[in-house]
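Chains as they are written, first to last, in the numbering used here: chain B, 236 to 572; chain Z, 1018 to 1236.
No residue lacks a Cβ here, since even glycine has one placed at the ideal position from N, Cα and C.
In this text the structure is predicted, and so the values were computed from the model without any measurement.
Below is one structure, written out as structure tokens; comments come after it.
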Amino acid sequence: MSIQLNNVSKTYHLKGRNVEALKPTSLKVETGEIFGLIGYSGAGKSTLVRLINLLEKPSTGTVTVGDDNLTELSSKDLRIRRQKIGMIFQQFNLIESKTVYENIEFVLKASKYNKKDVPARIEELLNLVGLNDKSSINAANLSGGQKQRVGIARALANNPDILLCDEATSALDPDTTKSILNLLKSINRTLGITIVIITHEMEVIKEIADRVGVMSAGEIIEIGDTYNVFSHPKEEITKDFVQEIYNFEVPSQIKETPENQVITIQFLSENAEENYLNQLYRDFELSISILNGRIEYIKEKPLGFLMFQVSGKVEEIERLKTHIDNSHGIERVGYIG
Amino acid sequence: MDNFSQLWPLLYRALLETALMVSISIFFAVLIGLPLGILLYITQHPLLFKIKPLNATLGWLVNIIRSFPFIILIVAIMPFATWLVNASHGPVFASVALSIAAVPLFARLVESSFNSVKDGVIEASIAGGAPIYLIVTDVLLPEAKKSITQAITLTIISIIAFSATAGVVGGGGVGDLAIRYGYYRYDTLTMIVTVIVLVIIVQIVQWAGDFISNRAEER
Ligand SMILES: Nc1ncnc2c1ncn2[C@@H]1O[C@H](COP(=O)(O)OP(=O)(O)OP(=O)(O)O)[C@@H](O)[C@H]1O
Ligand SMILES: [Mg+2]
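Have a look at this one:
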């Protein structure tokens, strides 16, 4: 189901001071996609997702989910509508005094799920998230990853068409993060649920998001297909996030001069980097030494970076640059290093 | 009094009176104070049932009753208590005032017990589309079970302390025995024995309360 924000904004009033957490923003999330939002702390990410299920009331604008304008619903209708919008949280937010089973049962009670179907439904959900043997364990006694799995089962209990994830993996270690992201991906594929995921971690976005929005100071400053945004970042903050995964820095002992330059290139597909380099070694009278290189897979598509140092005649270096610029699928990047 | 055989019948009677007063008062304290505490909490919570005027009115009422010195409260509600229990002295009569004092105390303790429930859990319940009554019965109460049990313990002990003053309306009880015989008549034996008995009662209540609240947590 699609989500449409129309000129939605949120201003908090704090002791006579106004905090504009979200500037007027319009956004459409398409049915069945995984939409990621990335931004630093305080950028307004949580505010934006919480506006989607109206945990925060927008100061202006409308929120439409599917055909329903949520901002116009009565509080009872909104409550019922929320049963079809799942949400998971950084701190999991389970009822710690209750068992795994009772935690899921809670939302089924909320939707007046047919009582005699409840046990079967819970078993089905626990199977889906891989916790069939944990049904009678107290939520307080689970690991972080297991808690998030219960959170997911709870969020999916009433067959939502949308799943909102507020930093769902930020409290988890890298391996657990991966497994939770894989679970979310498979839920998206098999159940066709539209997912909005917010995070400050690039790793999460590159793993899972079809499209990404970059947030800063209450605005979405850049938005698009995840691969395009990361291969051609426009805004400084987006470039910082790309830097973060490639972790490139020009070694400080290198003094750049016209005869001695550092060049970073990016490979936009499985263009064999080896061959390309060999060709450069062969065709140019330059000394080329590799400083750093890395391939990352963004939504399973490779994006490689290679940083090298070239020294030799200025004209030869210029010729090399022109050659690179004319090569298909290969680009020089100015912002890295 | 110079020996236990004289004191024993009095003490036995006083114990029964104390037990009666505490039972009646804690019953009403929970019966009325628990919903009142819930109401105090949910009417100030932005995600639940925030109604500022209602919350302010309830809070004001609770504070007024709580600020009355107990002896003045007893006197002030005397006509009401007489009408209610159709008597003008005795432990049941005293229990009216004790209940009225215990209700707002317990309500406030319940309200603050809920403050230990994480906002995130409430938020997740709202996001899941749960109605408020379900959040109260299935989230707030179970999550605050331990501190509500402690609140009951504390209220019982407060009622025992208040009940000593209830002697002025013939409520009787162990505390009253201590004051009447021990304090006014300089009867050292009675004074010492009753104080020891009171200490033991309070200890037992506290131990029992801790035991139950720890079990509530472990499950
Ligand atoms: N309830 C609130 N009252 C007042 N200000 C708030 C409130 N919630 C958020 N803010 C402010 O709004 C801004 C955006 O907050 P938000 O929580 O949306 O950021 P975020 O991008 O989710 O950050 P983080 O990564 O730290 O979670 C911040 O400046 C924050 O202080
Ligand atoms: Mg946040």
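(message) What are the residues in the segment 485-512 of chain B lying within 8 Å of chain Z by C-beta distance?
(response) If the cut-off is 8 Å between Cβ atoms, the segment 485-512 of chain B has nothing near chain Z.
(message) So Ser346 of chain B contacts chain Z; which residues on that side make the cut at Cβ distance below 8 Å?
(response) On the first sequence, residue 346 of chain B is found 111 positions in, with the first residue counted as 1. Those are Gly1146, listed as they occur along chain Z.
(request) Within 10 angstroms of the Cβ of Ser1042 of chain Z, are there 16 or more other Cβ atoms? Answer buried if so, exposed if not. (result) Start at 1 with the first residue of the second sequence, and residue 1042 of chain Z comes out as number 25. Flag for Ser1042 of chain Z reads buried.
(message) Can you look up His1232 of chain Z in the DSSP assignment and give me helix, strand or coil?
(response) Here residue 1232 of chain Z is taken as the residue at index 215 of the second sequence, counted from 1. Looking at the sequence provided, one finds Arg at residue 1232 of chain Z rather than His. Collapsing the DSSP output to three states places Arg1232 of chain Z in a helix.
(message) Just to confirm, is the Cβ distance from Gly1050 of chain Z to Phe1123 of chain Z under 8 Å?
(response) Here residue 1050 of chain Z refers to the residue found at position 33 when the second sequence is read from its first residue. Here residue 1123 of chain Z refers to the residue found at position 106 when the second sequence is read from its first residue. Result yes, Cβ atoms of Gly1050 of chain Z and Phe1123 of chain Z sit closer than 8 Å.
(message) Helix, strand or coil for Ile480 of chain B? Go by DSSP, reduced to three states.
(response) Taking the first sequence and counting its residues from 1, the one referred to as residue 480 of chain B is at position 245. Helix.
(request) Confirm the yes/no value for this check: CB of Glu402 of chain B, any heavy atom of ligand 2, distance under 7 Å. (result) Residue mapping note: residue 402 of chain B aligns to position 167 of the first sequence, counting from 1. Yes - ligand 2 has a heavy atom lying nearer than 7 Å to the Cβ of Glu402 of chain B.
(request) May I have the straight-line CA-CA distance separating Ser573 of chain B from Val1214 of chain Z, to the nearest angstrom? (result) One cannot answer for residue 573 of chain B here, as it falls past the ends of chain B, which runs 236 to 572.
(request) State the CB to CB distance for the pair Gly271 of chain B and Ile472 of chain B, rounded to an integer number of angstroms; the pair is presumed to be in contact (CB under 8 Å). (result) Counting from one through the first sequence, the residue named residue 271 of chain B turns up at place 36. Counting from one through the first sequence, the residue named residue 472 of chain B turns up at place 237. At roughly 14 Å, the Cβ-Cβ gap does not stay under 8 Å, so Gly271 of chain B and Ile472 of chain B are not in contact.
(request) On a CA-only basis, which of Z:Ala1141, Z:Phe1097, Z:Ile1055, Z:Ile1176 is nearest Val1039 of chain Z? Give me that one, please. (result) Here residue 1039 of chain Z corresponds to residue number 22 of the second sequence, with the count starting at 1. Among Z:Ala1141, Z:Phe1097, Z:Ile1055, Z:Ile1176, the Cα nearest to that of Val1039 of chain Z belongs to Z:Ile1176.
(request) Compute every distance between the C-beta of Ser281 of chain B and the non-hydrogen atoms of ligand 2, then say whether any falls below 7 Å. (result) The residue you call residue 281 of chain B lines up with position 46 of the first sequence. Shortest gap from the CB of Ser281 of chain B to any heavy atom of ligand 2: under 7 Å.
(message) Along the segment 1140-1167 of chain Z, where does the CB come closer than 8 Å to a CB of chain B? Name the residues.
(response) Result list: Glu1140, Ala1141, Ser1142, Ile1143, Ala1144, Gly1145, Gly1146, Ala1147, Pro1148, Leu1151, Asp1155, Val1156, Pro1159, Glu1160, Lys1162.
(request) Please find out if some non-hydrogen atom of ligand 1 comes closer than 7 Å to the beta-carbon of Ala256 of chain B. (result) Here residue 256 of chain B refers to the residue found at position 21 of the first sequence. The answer is yes for Ala256 of chain B.
(message) What does the Cβ neighbour count give for Asn328 of chain B, buried or exposed, with the cut at 16 atoms within 10 Å?
(response) Here residue 328 of chain B refers to the residue found at position 93 when the first sequence is read from its first residue. Result: buried.
(request) Please specify which runs of the alpha helix (DSSP H), each continuous and at least 4 residues long, are wholly inside the segment 1132-1170 of chain Z, giving them in chain order. (result) Annotation: the segment 1132-1170 of chain Z contains the following complete segments of the alpha helix (DSSP H) (minimum length 4 residues), in chain order: 1136-1144, 1149-1152.
(request) Please list, in chain order, all residues of the same chain as Glu255 of chain B whose beta carbon is under 6 Å from its beta carbon, the five residues on each side excluded. (result) For the purposes of this step, residue 255 of chain B is identified with residue 20 of the first sequence, where counting begins at 1. So the list reads Thr246, Gly453, once near-sequence residues are dropped.
(request) Give the interface partners of Gly1054 of chain Z over in chain B, defined as CB-CB distance under 7 Å, in chain order. (result) Position 37 of the second sequence, counting from 1, holds the residue named residue 1054 of chain Z. Ordered by position in chain B, no residue passes the 7 Å Cβ test against Gly1054 of chain Z, which lies about 18 Å from the chain.
(request) Kindly examine ligand 1 and report whether one of its heavy atoms sits closer than 7 Å to the Cβ of Leu399 of chain B. (result) The residue given as residue 399 of chain B occupies position 164 in the first sequence. Result no, Cβ not under 7 Å from ligand 1.
(message) Between Gly1137 of chain Z and chain B, is the shortest Cβ-Cβ distance under 8 Å, so that the two count as touching?
(response) Stepping through the second sequence from its first residue, residue 1137 of chain Z is reached at position 120. Chain B places a beta carbon closer than 8 Å to that of Gly1137 of chain Z, counting this residue as a contact.
(request) For chain Z, find out if any of its Cβ atoms is closer than 8 Å to the Cβ of Glu307 of chain B; answer yes or no. (result) As a position in the first sequence, residue 307 of chain B is number 72, starting the count at 1. With a threshold of 8 Å between beta carbons, Glu307 of chain B makes no contact with chain Z.
(message) My output table needs one value for Asp303 of chain B: the three-state DSSP class, helix, strand or coil.
(response) Start at 1 with the first residue of the first sequence, and residue 303 of chain B comes out as number 68. Asp303 of chain B: strand per DSSP, three-state reduction.
(message) With distance defined between alpha-carbon atoms, name the residue in B:Lys250, B:Ser371, B:Arg384, B:Phe341 nearest to Gln325 of chain B.
(response) Reading the first sequence from its first residue, position 90 is the one you call residue 325 of chain B. The residue with the shortest Cα to Cα distance from Gln325 of chain B is B:Arg384.
(message) Out of B:Phe543, B:Val298, B:Asn242, B:Leu419, which one is the CA nearest neighbour of Asn527 of chain B?
(response) For the purposes of this step, residue 527 of chain B is taken as the residue at position 292 of the first sequence. If we check each option's Cα against that of Asn527 of chain B, B:Phe543 comes out closest.
(request) Please indicate yes or no: does the CB of Ala278 of chain B lie closer than 7 Å to some heavy atom of ligand 1? (result) By one-based count along the first sequence, residue 278 of chain B stands at place 43. With a cut-off of 7 Å, the C-beta of Ala278 of chain B is classified as near ligand 1, since at least one heavy atom of the ligand falls inside that distance.
(request) Go ahead and pull the three-state DSSP assignment for Gln488 of chain B. (result) Residue 488 of chain B sits at position 253 when you count from the first residue of the first sequence. In this structure, Gln488 of chain B counts as coil in the three-state DSSP scheme.
(request) Work out the CA separation of Val464 of chain B and Glu531 of chain B for me, nearest whole Å. (result) Stepping through the first sequence from its first residue, residue 531 of chain B is reached at position 296. Stepping through the first sequence from its first residue, residue 464 of chain B is reached at position 229. Near 14 Å, if we compare the C-alpha coordinates of Val464 of chain B and Glu531 of chain B.
(message) Quick test of your reading: Ala388 of chain B and Thr334 of chain B, contact by CB under 8 Å. State the CB separation rounded to the nearest angstrom.
(response) Sequence index remark: in the first sequence, residue 388 of chain B carries index 153 (1-based). Sequence index remark: in the first sequence, residue 334 of chain B carries index 99 (1-based). The beta-carbon separation of Ala388 of chain B and Thr334 of chain B, rounded to 12 Å, does not stay under the 8 Å limit for a contact.
(message) Since Asn241 of chain B and Gly301 of chain B should fall inside the 8 Å C-beta cutoff, what is the C-beta to C-beta distance between them, to a whole number of angstroms?
(response) Here residue 241 of chain B refers to the residue found at position 6 of the first sequence. Here residue 301 of chain B refers to the residue found at position 66 of the first sequence. Distance from Asn241 of chain B to Gly301 of chain B at the Cβ level is roughly 14 Å; contact not present, criterion being Cβ atoms closer than 8 Å.
(request) Starting from the Cα of Met236 of chain B, find the closest Cα among B:Val264, B:Lys250, B:Arg252, B:Asp475 and give me that residue. (result) Here residue 236 of chain B corresponds to residue number 1 of the first sequence, with the count starting at 1. Of the listed residues, the one whose Cα sits closest to Met236 of chain B is B:Val264.
(request) Within the same chain, show all residues whose beta-carbon is closer than 8 Å to that of Asp410 of chain B, passing over the 5 residues directly before and after it, in chain order. (result) Taking the first residue of the first sequence as 1, we reach residue 410 of chain B at position 175. Around Asp410 of chain B: no qualifying Cβ.
(request) With 9 Å as the limit, tell me which residues of the segment 389-400 of chain B have their beta carbon closer than that to any beta carbon of chain Z; keep them in chain order. (result) Sequence-ordered contacts of the segment 389-400 of chain B with chain Z read Arg389, Ala390, Ala392, Asn393, Leu399 [C-beta pairs closer than 9 Å].
(message) I'd like the span of the beta strand (DSSP E) that includes Asp460 of chain B, first residue to last.
(response) Stepping through the first sequence from its first residue, residue 460 of chain B is reached at position 225. Note, Asp460 of chain B: beta strand (DSSP E), 454-460.
(message) Would you say Asn328 of chain B lies against chain Z (beta-carbon separation less than 8 Å)?
(response) What you label residue 328 of chain B is simply residue 93 of the first sequence in a count that begins at 1. Judged by the 8 Å Cβ criterion, Asn328 of chain B is in contact with chain Z.
(request) Report the neighbours of Arg356 of chain B on chain Z: residues whose CB is nearer than 7 Å to its CB, in chain order. (result) Here residue 356 of chain B refers to the residue found at position 121 when the first sequence is read from its first residue. In chain order: nothing, as chain Z lies at least about 14 Å away.
(request) Give a yes or no on whether the C-beta atoms belonging to Ala345 of chain B and Leu1151 of chain Z are separated by under 8 Å. (result) Locating residue 345 of chain B in the first sequence gives position 110, counting from the first residue. Locating residue 1151 of chain Z in the second sequence gives position 134, counting from the first residue. One thing to note: Ala345 of chain B has its Cβ within 8 Å of the Cβ of Leu1151 of chain Z.
(request) With a threshold of 16 other CB atoms inside 10 Å of the CB of Gln318 of chain B, please say whether the residue is buried or exposed. (result) Taking the first sequence and counting its residues from 1, one reaches residue 318 of chain B at position 83. Result: buried.
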